[in-house]
Amino acid sequence: MDVLSEVLSGCRADSATTGRFTLHAPWSLESTGLQGAMFRIARGAPYWIQPEGMAPVRVPAGDLVVLPRGGRHIISSEPGLAPVPFAEVLAAHGMRERGEKPLVFTHGEGGTPTELFTTIVDYGPVGQNTVLRFLPGLIHLREDDVNLASCLAPTMRLFIEESLNREPGWKLSAARMGDLLMVHVLRAYLLRHRDTEPNWLRGLADPKIAQAIMLMHRWPEKPWTLPSLADEVCMSRSRFSARFRELVGVSPISYLTARRMERAAERLRLGSVRLADVAELVGYGSEKIFARAFRRWAGVPPGEYGRRAG
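Each step along the sequence shown adds one to the number in the numbering used here, with nothing skipped, and position 8 is -12.
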């Protein structure tokens, strides 16, 4: 089973923003976070990254780090330095975090430089994306990892250069390369790491749980129940439920609901559509029941969600 392809088939980038920052030590920048997955790779001196709620992590040049949900974090030449808001630095250079142009600037005190390449790939509302929502807060891949050396680093650098040059078609090219980056990152991470924190990626390491995840992504509209999913993977209901929650962090039905709502949101973002058709698309026989479930998930009714997205 190529479960990773099944899971990622519905996770397509809407857009991408890229940047190249030349940072001279000492320096420290704080980001309040952005919607989307953030990829970073550096040349020159190593740097430190500290996602909110985590200890600082040293990142040597050539290593790739990913913040799947683009959360608040600090990057610096060394831990403990007082950070400058990232938005202030951009404003001083006449740029915005979500502007059309790639972000290119020099910052710092003239010491040893770190050249940092950054890519932010937008997959729509992060908190409502089944793939990003259940990933670890930080993914760190070492330069000596064969997958990084052979695929990821060249793809990342090509991605950056493509957007910096801004040749015809660069927006679409950047978004599609963002999709490719995510596939390579998760494949490398899945092969080299064994998480202790529950998430769907950890669930893929278990053949039976991986099969259940695949079924929910391939056919979310089917009338799945806990017993029917357990039967499909040849496990008892209690054992399947406990194992799924242990690895993924939520119950099978909660995961299925999130997948259904994500698929509904994708359809609503495309434009005018009958609510009954969206409900049927994701396995709800009742339009009212679907609307209530969607409002609990998105915080707004389906119609309003579609209008805002449009």
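In this text, a Cβ means the ideal position worked out from N, Cα and C, and glycines have one as well.
What you are looking at is a predicted structure, and each value in this text was computed from that prediction instead of being measured.
The distance from the Cβ of Gly51 to that of Gly13 is about 5 angstroms, consistent with a contact at the 8 angstroms cut-off.
Apart from the 5 residues on each side of it in sequence, Leu184 sits with its Cβ closer than 8 angstroms to the Cβ of Val(-17), Leu(-16), Val(-13), Leu170, Ala190 and Ile193 in its chain, given in chain order. With a cutoff of 7 angstroms on beta-carbon distance, Ala35 and Thr94 are scored as not near each other. Leu160 sits in a helix when the DSSP states are folded into three classes. In this structure the stretch 138 to 147 touches the stretch 156 to 169; the number of beta carbon pairs closer than 8 angstroms is three or more. Annotation: Pro59 is outside any beta strand (DSSP E) and is labelled neither H nor E by DSSP.
Relative to Ser57, the option among Tyr27, Glu68, Arg38 and Arg243 whose CA is nearest is Tyr27. If you ignore the 5 residues before and after Thr135, its C-beta comes within less than 7 angstroms of the C-beta of Met157, Leu160, Leu161 and His164, all in its own chain and listed in chain order.
For Val(-13), the enclosing alpha helix (DSSP H) covers residues Val(-17) to Leu(-12). Under the DSSP definition of a beta bridge, Ile21 partners with Leu44 and Phe97. Residue Leu250 holds the alpha-carbon nearest to the alpha-carbon of Arg288 among Val258, Leu250, Ala273 and Gly263.
Going by beta carbons, Leu3 and His87 fall inside the 7 angstroms limit. Pro31 and Glu212 have their alpha carbons spaced roughly 39 angstroms apart. Straight-line spacing of the CA atoms in Ser216 and Arg243 works out to 28 angstroms. Taking a 10 Å sphere around the C-beta of Ile269, we find fewer than 16 other C-beta atoms and assign the residue as exposed.
For Gln191, the enclosing alpha helix (DSSP H) starts and ends at Pro187 to Arg198. Between Pro48 and Glu10, the C-beta gap is not smaller than 7 angstroms, which leaves the two residues out of contact.
Close CB contacts of Val39 within its chain, under the 8 angstroms cut and outside five residues either way in sequence, are with Arg20, Ala22, Pro26, Tyr27, Trp28, Ile29, Val45 and His120 (chain order). Setting aside the 5 residues that flank it on each side, Ser231 is surrounded in the same chain by Arg225, each with a C-beta closer than 6 angstroms to its C-beta; the list follows chain order. In the DSSP annotation of this structure, the continuous segment of the alpha helix (DSSP H) that includes Arg225 starts and ends at Arg217 to Val228. Straight-line spacing of the CA atoms in Val101 and Gly16 works out to 5 angstroms. Taking the C-beta atoms as reference points, Cys(-9) is found nearer than 7 angstroms to Val111.
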